[in-house]
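The numbering of the sequence shown is my numbering, which starts it at 579 and goes up by one. Backbone N, C-alpha and C define an ideal beta-carbon position, used for all residues, glycine too. The structure presented is a predicted model; accordingly, all values stated were derived computationally and were not measured. As structure tokens, the structure follows; a few thoughts come after it.
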Amino acid sequence: MLEERESFLAELQGQNAALLVKVHQLQWELEQRRQQLQQLRQQLNEECLNGQLASTTLTGPLKLSFAALGIKASALAVPTLFMEEFAQVNVVTPAHSEQMNEGSALEGAAAAAASEEASPPQPENSSRSSSPRSFQESEKQCLRLLRSVVSVADPEEKYTGWKIIGRGGFGTVYKALDAATGQAVAVKEIDLQHQRCKEVLKEILVMREMRNPNIVTYLESYLVNEFVLLVLEYMDGGSLAIVISEKRMAVGHMATVCQECLKGLAFLHANQVIHRDIKSDNILLGRDGSVKLADFGLCALLTPEQSKRRSMVGTTCWMAPEVVRKEPYGPKVDTWSLGIVGIEMARGEAPYVWETSDRANHLIGTQGIPDVHKLSLPPALCEFLGCCLQMDVDRRGSAKELLQHPFLKLAEPLFSLL
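This is the structure in structure tokens:
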């Protein structure tokens, strides 16, 4: 009865988070339209001053632009009247959004970033290409949104005893102590000069909204000069990658890791989020036996209009075949990556890890992985991996389906592992 209640509450929480994402995406789109209208107003003013708007009929790019915004050209019979009419337009702006719900504009920005990332690459002369000026404006707006949600206190006053515990392509991870409570936290430092602001906004959105026992808890964030500091719960068991490098894992421990990761993935996928970088480095363990997914810097948010992704994102040896082939893909790329983690746990490393990136991509895209039946794996694990590592996406198990696999019945507590 208690499990049913917890499941029901988790489902409600997920539905609420999904609705928030949709609402805030609409707010972001309204803000984009406001900016487009401002640009059109400026352009019209310039053309009026230059005597270029001699007729009452709009043509060319201006007409197309207004059509895209849903404004009829017939409504612009006289430029002066249009200017007066335009001045009356009311749109939800980030400032308004902050008054209604702090950080809501940020969440919309993250959803918009996901939509932008999902678009296939455009030719260099494409009209969709962003000018340096528009890119700079977009980054400035992201920074404004970021400032609206980060904590304003000095992180070095709130947290003490900073110690480096890891480094990655994103930046540095520290362990620190909350000065008031003595609680240990992990602080992920992200350099905005090396990672786009929109991607950081997206990571904050997902970690803040998608709370689950199998996802590392987001606590707060700070903006210090060119760095964003994400304060997260500290996992005292370290990463699965460290355990794999130091110990030989029992089948029961492998089953537990797979089961807990699938719970987290099932929750994310049900809420239209793809992690896209599942690997042993991004699976953290607690000495209490907990297993949690971390590092959402490469995640993608799906929408009804954008239910697939195309970008080649992730870590080479853990990427699914459809990703390296740059084909449309969905949440099942994460279950493929979890299958590779299964091989890591059993063999100590991922397939093709010693190959060059190009060679690994070619092998994954054309033949997947070596036959799992020839890797001398435990039979039960071998059957489970066979469901994860199907080249045919339709035959590959989803996270929800794989939670019913018999292999997971072998799960045993991780206390002896740590």
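Cβ atoms of residue j and residue i: under 7 Å apart, would you say?
{"i": "residue 830", "j": "residue 979", "result": "no"}
{"i": "residue 810", "j": "residue 794", "result": "yes"}
{"i": "residue 942", "j": "residue 899", "result": "yes"}
{"i": "residue 833", "j": "residue 724", "result": "no"}
{"i": "residue 741", "j": "residue 753", "result": "yes"}
{"i": "residue 895", "j": "residue 938", "result": "yes"}
{"i": "residue 875", "j": "residue 813", "result": "no"}
{"i": "residue 852", "j": "residue 909", "result": "yes"}
{"i": "residue 785", "j": "residue 796", "result": "yes"}
{"i": "residue 842", "j": "residue 996", "result": "no"}
{"i": "residue 783", "j": "residue 867", "result": "no"}
{"i": "residue 902", "j": "residue 911", "result": "no"}
{"i": "residue 721", "j": "residue 739", "result": "no"}
{"i": "residue 922", "j": "residue 822", "result": "yes"}
{"i": "residue 800", "j": "residue 906", "result": "no"}
With 16 as the cutoff for other CB atoms within 10 Å, does residue i come out buried or exposed?
{"i": "residue 897", "result": "buried"}
{"i": "residue 914", "result": "buried"}
{"i": "residue 887", "result": "buried"}
{"i": "residue 890", "result": "exposed"}
{"i": "residue 869", "result": "buried"}
{"i": "residue 748", "result": "buried"}
{"i": "residue 760", "result": "exposed"}
{"i": "residue 776", "result": "buried"}
{"i": "residue 974", "result": "buried"}
{"i": "residue 719", "result": "buried"}
{"i": "residue 977", "result": "buried"}
{"i": "residue 757", "result": "exposed"}
{"i": "residue 859", "result": "buried"}
{"i": "residue 998", "result": "This structure gives no information on residue 998, because the portion of the chain shown stretches from 579 to 996."}
{"i": "residue 994", "result": "exposed"}
{"i": "residue 764", "result": "buried"}
{"i": "residue 885", "result": "exposed"}
{"i": "residue 826", "result": "exposed"}
{"i": "residue 824", "result": "exposed"}
{"i": "residue 713", "result": "exposed"}
{"i": "residue 873", "result": "buried"}
{"i": "residue 711", "result": "exposed"}
{"i": "residue 957", "result": "exposed"}
{"i": "residue 854", "result": "buried"}
{"i": "residue 766", "result": "buried"}
{"i": "residue 926", "result": "exposed"}
Taking DSSP as the reference, what is the three-state secondary structure of residue i?
{"i": "residue 910", "result": "helix"}
{"i": "residue 738", "result": "strand"}
{"i": "residue 767", "result": "strand"}
{"i": "residue 822", "result": "helix"}
{"i": "residue 953", "result": "coil"}
{"i": "residue 750", "result": "strand"}
{"i": "residue 892", "result": "coil"}
{"i": "residue 801", "result": "strand"}
{"i": "residue 938", "result": "helix"}
{"i": "residue 1082", "result": "Residue 1082 lies beyond the residue range present for the chain, which begins at 579 and ends at 996; the question has no answer from this structure."}
{"i": "residue 716", "result": "helix"}
{"i": "residue 979", "result": "helix"}
{"i": "residue 570", "result": "Lying outside 579 to 996, the shown extent of the chain, residue 570 is not represented and no answer is given."}
{"i": "residue 782", "result": "helix"}
{"i": "residue 859", "result": "helix"}
{"i": "residue 947", "result": "coil"}
{"i": "residue 871", "result": "strand"}
{"i": "residue 777", "result": "helix"}
{"i": "residue 917", "result": "helix"}
{"i": "residue 878", "result": "strand"}
{"i": "residue 730", "result": "coil"}
{"i": "residue 898", "result": "coil"}
{"i": "residue 808", "result": "strand"}
{"i": "residue 722", "result": "helix"}
{"i": "residue 991", "result": "coil"}
{"i": "residue 926", "result": "coil"}
{"i": "residue 789", "result": "coil"}
Is there at least one Cβ from chain D nearer than 7 Å to residue i's Cβ?
{"i": "residue 987", "result": "The structure shown contains no chain D; it is built from a single protein chain."}
Could you tell me how far apart the beta carbons of residue i and residue j are, in whole angstroms, since I believe they sit closer than 8 Å?
{"i": "residue 806", "j": "residue 770", "result": "6 Å"}
{"i": "residue 838", "j": "residue 803", "result": "Actually they are not in contact, since the Cβ atoms of residue 838 and residue 803 sit about 37 Å apart, beyond 8 Å."}
{"i": "residue 985", "j": "residue 959", "result": "6 Å"}
{"i": "residue 768", "j": "residue 808", "result": "7 Å"}
{"i": "residue 981", "j": "residue 871", "result": "That belief does not hold up - the Cβ atoms of residue 981 and residue 871 are roughly 15 Å apart, past 8 Å."}
{"i": "residue 743", "j": "residue 751", "result": "5 Å"}
{"i": "residue 1007", "j": "residue 940", "result": "Because the chain spans 579 through 996 in this model, residue 1007 falls outside it and cannot be assessed."}
{"i": "residue 877", "j": "residue 798", "result": "Actually they are not in contact, since the Cβ atoms of residue 877 and residue 798 sit about 19 Å apart, beyond 8 Å."}
Is residue i near the ligand GTP, with its Cβ less than 6 Å from a heavy atom?
{"i": "residue 721", "result": "Although the ligand GTP was asked about, the structure shown includes no ligands whatsoever."}
* Quick one: any contact between the stretch 965 to 981 and the stretch 936 to 956, if contact means 3 or more CB pairs under 8 Å? -> Three or more Cβ pairs closer than 8 Å define a contact, and the stretch 965 to 981 meets that threshold against the stretch 936 to 956.
Open item on the list: So, does the stretch 872 to 884 touch the stretch 915 to 924, judging by three or more C-beta pairs under 8 Å?
Closed with: With fewer than three CB-CB distances shorter than 8 Å, the stretch 872 to 884 does not count as touching the stretch 915 to 924.
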